[in-house]
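Enquirer: Take this structure, written in structure tokens, and hold onto it; I'll ask about it next.
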Amino acid sequence: MNQRVLFVDDEPNVLQALRRAIRKDVDATIAVGPEAGLEAIANQPAFAVIVSDMRMPGMNGVEFLRAATQLSPDSVRIMLTGNSDQQTAIDAVNQGQVFRFLTKPCDVDQLRLVLSQAIRQFSLVNAERDLLDNTVKGSLGVLTDLLSMAMPEAFGRTCRIKERVARLTAHFPDLSADDRWSIETATMLSQLCCIAMDQDVIAKLNRGESLNDTELAAYHAATSQVAGMVERVPRMEQVARIIANHHKGYDGSGYPQTDLRAEAIPFGARALHLALAIDQLRLRGLSNDEVLEALQMNKRRYDPRLLEKLAIKQTSAESPEPMSLPVTDVQIGMRIEQDITTDSGSLLVCAGQRVSDAIHAHLMSFVERGEMTSVISVSSDLSPLLERTG
């Protein structure tokens, strides 16, 4: 268990006294002044708890803890000050996201108790993140692997838009790790709606064709069903909001027919909306330049910042050269450049997917049965997709 605690104060004597008082209970580090505190947070292993004085020169405790939150968002923050003013406490809680507010001089037993509670809070937060990262992500991986074998067209579409969304959102470094995780998860789940749709409609989508009103209504209804199911899963509300609104145009057009528009639409939904539009245009055989031109003709439907980043990316990107390799030589993570079919013409894997363990084993089973050629077209572009980090 992480028991690292950082004490920040502008008085060295106070810091030394604090460290002596609790040195047997926690792993204490001291920093004289807010600048030294921020340097310690940036350059040392994560602190479970950060304890700051309020009145310090150059940067008060509220300002320091607000900056500390940007560097170490999971650390639990405690304000320790001689100022018992009510407004100070309000500012500390609201702006510094403070766990406890203690006044000086603080009883040592009370400090020990609060530190113990803060360390436990830190452990709970990280345990929850581990659960999401490992259990939920593992479950999603199994689900998408099953989709890849049962509905290769839908899974191929998922892989293509997942990579496009990841590359679009990479241009926005201010997105939090949780936001990136929600966006990636929503993208992975967005095409589960295909399970409830007519195969002819799915085939039209995979050819980049427009759907008629009846087909479009069925597509939107299936999307709403997926969003509703995801929303019932604890901690997945933001993922569900992205799925529910990813057919919504930036100008308010599209589905669902609500008043949401522009920045009120979740950022992940805006990114997914653009990625799907790109995919549809590429499936029609349009070049990169033609895709950009088509998007600009309907630019009111797309987030202008995302369109700008797309234009920069498209003009600077260089596609890796495809190569033909036996399935046995294909590496996990390589991108499949052409649809893979059996010798009889049945589709196994769509172009644009990354080779996973499950896909590789799936292909090998057909090779071993003599039902497909052992040579496939792949590229060695191994750039990783964005993942949620702790």
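Mapping of the sequence shown onto our numbering: position 158 corresponds to residue 504, and the numbering continues sequentially without gaps. Backbone N, C-alpha and C define an ideal beta-carbon position, used for all residues, glycine too.
Can you tell me which residues form a DSSP beta bridge with G600?
Expert: K594
Enquirer: Mind reading off the beta-carbon distance from S725 to R681? Whole number of angstroms is fine, and I expect it under 8 Å.
Expert: 5 Å
Enquirer: Looking at A621 and V695, is the spacing between their C-beta atoms short of 7 Å?
Expert: no
Enquirer: Going by Cα to Cα distance, which pick from G428, N552, S670, V547 is closest to T560?
Expert: V547
Enquirer: Identify whether A377 lies in helix, strand or coil by the three-state DSSP scheme.
Expert: strand
Enquirer: With a 10 Å radius around its C-beta and 16 neighbouring C-beta atoms as the bar for buried, classify N558 as buried or exposed.
Expert: Classification for N558: exposed.
Enquirer: Kindly confirm or deny that the region 413 to 422 and the region 364 to 376 touch, where touching means at least three C-beta pairs closer than 8 Å.
Expert: The region 413 to 422 makes no contact with the region 364 to 376: fewer than 3 CB pairs, one atom from each, lie closer than 8 Å.
Enquirer: Would you decide whether D649 is buried or exposed? Buried here means 16 or more other CB atoms lie within 10 Å of its CB.
Expert: buried
Enquirer: When the distance is taken between beta carbons, is S690 closer than 7 Å to S723?
Expert: no
Enquirer: Could you check what DSSP says for T748 in three-state terms: helix, strand or coil?
Expert: Residue numbering for the chain in the displayed model covers 347 to 736; residue 748 lies beyond these limits and cannot be assessed.
Enquirer: What's the C-alpha gap between V360 and F518?
Expert: Whole-angstrom Cα-Cα distance: 41 Å.
Enquirer: Keeping to the same chain, check which residues put their C-beta closer than 6 Å to that of M568; ignore five residues upstream and five downstream.
Expert: The question names Met, yet the displayed sequence has Ala at residue 568. Only C539, A542, M543 meet the Cβ criterion.
Enquirer: Are R651 and D597 close, meaning C-beta to C-beta below 7 Å?
Expert: no
Enquirer: What is the C-beta distance between S421 and F447, in whole angstroms, given that I count them as a contact (C-beta under 8 Å)?
Expert: With a Cβ gap of about 16 Å, S421 and F447 do not count as contacting.
Enquirer: With H, G and I counted as helix, E and B as strand and the rest as coil, what does DSSP make of D455?
Expert: helix
Enquirer: Please report the straight-line C-alpha distance between K508 and V676, rounded to a whole angstrom.
Expert: Roughly 21 Å between the two C-alpha positions.
Enquirer: If you run the structure through DSSP and keep just helix, strand and coil, what is M402?
Expert: It is coil, neither helix nor strand.
Enquirer: If you measure between the beta carbons of P380 and F410, is that distance less than 7 Å?
Expert: yes
Enquirer: What span of residues does the alpha helix (DSSP H) with F613 cover, start to end?
Expert: Start and end: 613 to 629.
Enquirer: Locate the alpha helix (DSSP H) running through V637, then write down its first and last residues.
Expert: From DSSP, the alpha helix (DSSP H) with V637 extends over 634 to 643.
Enquirer: Under DSSP, the alpha helix (DSSP H) around P358 begins and ends at which residues?
Expert: 358 to 368
Enquirer: Which partner residues does L426 have in the DSSP bridge list?
Expert: Beta-bridge annotation (DSSP): L426 is paired with D399, L448.
Enquirer: Just checking, does the region 607 to 617 make contact with the region 562 to 580 on the three C-beta pairs under 8 Å criterion?
Expert: no
Enquirer: Around the Cβ of A663, are there at least 16 other Cβ atoms within 10 angstroms (buried) or fewer (exposed)?
Expert: The pLDDT assigned to A663 is 45, lower than 50, so where the model puts this residue is not dependable; a value taken from the coordinates is nonetheless given after this. A663 should be labelled exposed.
Enquirer: Less than 7 Å separating the beta-carbons of I396 and L461?
Expert: no
Enquirer: Under the three-state reduction of DSSP, which class applies to R350: helix, strand or coil?
Expert: strand
Enquirer: Please name the residue, chosen from A623, K655, D525, that lies closest to M643 on a Cα-to-Cα basis.
Expert: A623
Enquirer: CA-CA distance, R628 and D635?
Expert: 11 Å
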